[in-house]
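J.: In terms of the working numbering, the sequence shown opens at residue 104 and continues consecutively. This is the structure I have questions about; it appears just below.
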Amino acid sequence: MRSDLAQAAVRDLELRAAANRHRLMLLALATVAIALVVDVVHIDWRAGVDFHTYFAAAEVLVPTQWAQPFLSPPPVAWLTAPFLPLPYKVALAVWAFILFSALALAFAWAGVGRGLGRWIAVFGALSTWWVMLAVDVGQIVPVVAAGSVVGWRLLRDKRDVAAGLVLATILLKPNTAILVPLALLLAGRRRAVAAWLGAAALVLIAAELTVSPSGIASYTAELLGPLPTGADSLTLHGALGATGTFALLLRVLIIAAGLATSYRFRRSPAATVPIAILGSMLIAPYLHAADLCLLSAAGWMVWQERPSLPWRVPIAAAWVLACPFLYLANLSLPLYRWPLLELALLLALVIAAWWPLTAWADSRRRAPA
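Laid out in structure tokens, this is it:
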């Protein structure tokens with residue numbers, strides 16, 4: 104009799120705990136959904152600063168003008184060219200819709216969990232202020248983030264050739280995820296790397312035909328020139344004041360740790376993608392605020408790969424910290440502090456790979472998928 108009562112009491116406690124978790128998940132989902140609405144409402148659709156540059160570059164892609172200097176990689180202008188027949192404001196609106204939809208659909212399709220946890224990750228990753236900034240100015244980086252997310256899922260499904268082709272979106276903004284192909288090579292996904300290299304070769308050939316060798320030389324010289332004010336806020340220099348030899352050593356250490364960990368994760372190659380993205384962002388000499396879309400993508404991937412509470416709680420906290428409520432109230436982190444979060448997440452992944460004791464943390468209570 105007492106045993107039956109005890110079992111009933113335990114079941115009652117378990118049901119109450121499950122109900123409380125369900126309520127918390129609903130509250131979290133409602134919070135990030137509201138944040139996403141606030142983001143959309145506050146978009147200034149008249150901006151499109153970066154899209155205007157892409158649009159202008161696309162306008163000169165005509166047979167009589169073979170060499171056209173352009174700060175973004177040539178494929179960005181190619182993608183913008185189909186919008187030329189449209190009035191500029193209409194083209195900007197369509198472009199912005201495509202950017203946001205691409206990232207939203209990538210998060211929604213590529214998730215491996217079920218239930219509310221899956222949608223909290225989707226809305227949480229989308230509701231950060233930098234996603235809407237990217238859409239607002241027409242930055243191409245949401246497409247890069249979307250390609251990384253879809254490529255990650257294809258790698259999980261062992262569809263390596265398709266993954267390599269999709270990951271070619273990295274070429275639209277190489278500084279945000281350039282270590283991904285090398286990490287995949289060390290992880291043993293040679294077919295994915297071969298597909299990526301094939302796509303990259305075609306893009307390079309087309310780029311040379313578009314801008315000519317002299318145009319590529321001018322582009323390279325422009326990249327090596329002085330950076331505009333604020334371009335290093337999201338770099339090691341902006342976050343840590345690292346310059347010269349110190350900055351070089353930090354970059355070498357980050358690359359070595361990231362690639363070694365990628366080799367360590369060769370039995371689970373998809374796990375190397377967020378590591379390579381974080382490493383790429385940390386070693387980049389310059390980044391736009393909108394490039395933090397790749398941080399959203401990396402955090403989302405870790406959310407999928409590591410469904411335990413010790414991993415998910417900090418990621419959710421970072422999404423809250425980046426929500427529009429705090430950003431509009433000037434209570435979010437300043438730009439130069441976000442690289443510290445990138446570094447913290449990268450260190451956590453490296454430690455989890457190399458320190459066996461961390462397996463204990465993942466064996467603890469797991470969050471609802």
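For every residue, glycine included, the Cβ atom is placed at its ideal position computed from N, Cα and C.
1) Within 10 Å of its beta-carbon, does Asp153 have 16 or more other beta-carbons around it, so buried, or fewer, so exposed?
2) State the DSSP-derived secondary structure class of Ser317, mapped to helix, strand or coil.
3) By the three-class DSSP mapping on this structure, what secondary structure does Ser411 have?
4) By a C-beta neighbour count over all protein chains shown, 10 Å radius and 16 as the cutoff for buried, is Pro437 buried or exposed?
5) Please state the DSSP three-state secondary structure of Pro176.
6) If you scan the stretch 251-289 from start to end, which runs of the alpha helix (DSSP H) of 4 or more residues do you find wholly inside it?
7) Could you pull out every residue in the same chain whose Cβ sits closer than 6 Å to the Cβ of Val244, ignoring the five residues on either side in sequence?
8) Give me, in chain order, the residues of the same chain whose beta-carbon lies closer than 7 Å to that of Leu362; leave out the 5 immediate sequence neighbours on both sides.
9) Is Val252 near Ala209, with beta carbons less than 8 Å apart?
10) Cβ atoms of Gly254 and Val269: under 8 Å apart, would you say?
11) Three or more beta-carbon pairs under 8 Å between the stretch 369-388 and the stretch 211-219, yes or no?
12) Just the Cα atoms here: how many angstroms apart are Ile357 and Ile308?
13) Compare the beta carbon distance of Leu381 and Ala401 with 8 Å and say whether it is the shorter of the two.
14) Taking the alpha-carbon positions, what's the Leu351 to Pro388 distance?
15) So, for Ser365: in the same chain, excluding its five sequence neighbours on each side, which residues have a beta-carbon less than 7 Å away from its beta-carbon?
16) If you reduce the DSSP assignment to three classes, tell me which class Pro166 lands in.
17) Keeping to the same chain, check which residues put their C-beta closer than 6 Å to that of Phe158; ignore five residues upstream and five downstream.
18) Can you give me the C-alpha to C-alpha distance between Phe203 and Leu434, rounded to a whole angstrom?
19) Quick one: measure Cβ to Cβ for Leu385 and Leu446, integer angstroms, because I've assumed they're closer than 8 Å.
T.: So, to answer that:
1) With 16 or more Cβ atoms within 10 Å of its Cβ, Asp153 is classed as buried.
2) Ser317 sits in a helix when the DSSP states are folded into three classes.
3) In the structure shown, Ser411 falls within a strand segment according to DSSP collapsed to helix, strand and coil.
4) It counts as exposed.
5) Pro176 sits in coil when the DSSP states are folded into three classes, being neither helix nor strand.
6) Segments of the alpha helix (DSSP H) lying fully in the stretch 251-289: 263-269 and 283-289.
7) If you ignore the 5 residues before and after Val244, its C-beta comes within less than 6 Å of the C-beta of Ala237, Lys276, Ala393, Asp394 and Cys396, all in its own chain and listed in chain order.
8) Taken in chain order, the residues that qualify are Leu285, Ala286 and Leu289.
9) Ala209 is positioned such that its CB atom lies closer than 8 Å to that of Val252.
10) Yes, these two residues count as a Cβ contact at 8 Å.
11) With fewer than three CB-CB distances shorter than 8 Å, the stretch 369-388 does not count as touching the stretch 211-219.
12) Taking the straight line from one Cα to the other gives about 31 Å.
13) Yes, they are a contact pair.
14) If I take the Cα positions, the gap works out to 11 Å.
15) Answer for Ser365: Ala286, Leu289, Ala290, Thr375, Ile378 and Ala379, listed in chain order.
16) Note that Pro166 scores 49 on pLDDT, short of 50, meaning its location in the model is unreliable; the coordinates nonetheless yield the value given after this. If DSSP states are grouped into helix, strand and coil, Pro166 belongs with coil.
17) If we look at Phe158 and ignore the five residues flanking it on each side, its Cβ neighbours are Thr183.
18) C-alpha separation (whole angstroms): 25 Å.
19) About 6 Å separates the two Cβ atoms, so the contact holds.
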